[in-house]
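For reference, the structure discussed in these notes is given below.
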Amino acid sequence: MTTRNKQTGKEEHIQPYTRQEVENMLNVYGVRIERNKLYDAVYVANMCKADFLGSSIISEEHLCKYVKDLLDDVDVEEGFVFNRF
Numbered sequence: 103m104t105t106r107n108k109q110t111g112k113e114e115h116i117q118p119y120t121r122q123e124v125e126n127m128l129n130v131y132g133v134r135i136e137r138n139k140l141y142d143a144v145y146v147a148n149m150c151k152a153d154f155l156g157s158s159i160i161s162e163e164h165l166c167k168y169v170k171d172l173l174d175d176v177d178v179e180e181g182f183v184f185n186r187f
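Residues in the sequence shown are numbered consecutively from 103, following our numbering.
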């Protein structure tokens with residue numbers, strides 16, 4: 103996954119979160135996801151990191167809340183997460 107460096111304007115690869123890092127982050131901020139399947143939370147967290155963190159998502163705590171909001175949304179059909187990005 104990549105992001106655009108705001109200072110250089112160049113596309114750069116992010117250092118992706120591991121599954122353990124995402125689980126630890128969720129625990130630190132007390133975020134519990136009810137509908138997390140396999141690596142959905144890891145995928146969403148990394149896409150959010152690449153696309154939104156430091157802009158509309160201002161912190162890792164808000165990133166965790168975004169992941170929960172997306173995965174636990176009651177009207178999201180299965181498979182939506184991978185079609186989102």
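We treat Cβ as the ideally placed atom computed from N, Cα and C, and that holds for glycine.
CA nearest to the CA of residue 105, picked from 177, 157, 161, 180: Position 3 of the sequence shown holds residue 105. Per the Cα distances, 157.
Same chain, Cβ closer than 8 angstroms to residue 183, five either side skipped, listed in chain order: For the purposes of this step, residue 183 is taken as the residue at position 81 of the sequence shown. For residue 183, where only same-chain residues beyond five positions count, the Cβ hits under 8 angstroms are 142, 145, 146, 172, 173.
Contacting residues, own chain, Cβ-Cβ under 7 angstroms from residue 166 (five flanking each side not counted): For the purposes of this step, residue 166 is taken as residue 64 along the sequence shown, with counting starting at 1. Answer for residue 166: 127, 128, 131, 133, listed in chain order.
Out of curiosity, what's the CA-to-CA distance linking residue 117 and residue 177? On the sequence shown, position 15 is the one that residue 117 refers to. On the sequence shown, position 75 is the one that residue 177 refers to. Distance between the alpha carbons of residue 117 and residue 177 is about 31 angstroms.
Tell me the DSSP bridge mates of residue 155? If you number the sequence shown from 1, residue 155 lands on position 53. 159, per the DSSP bridge assignment.
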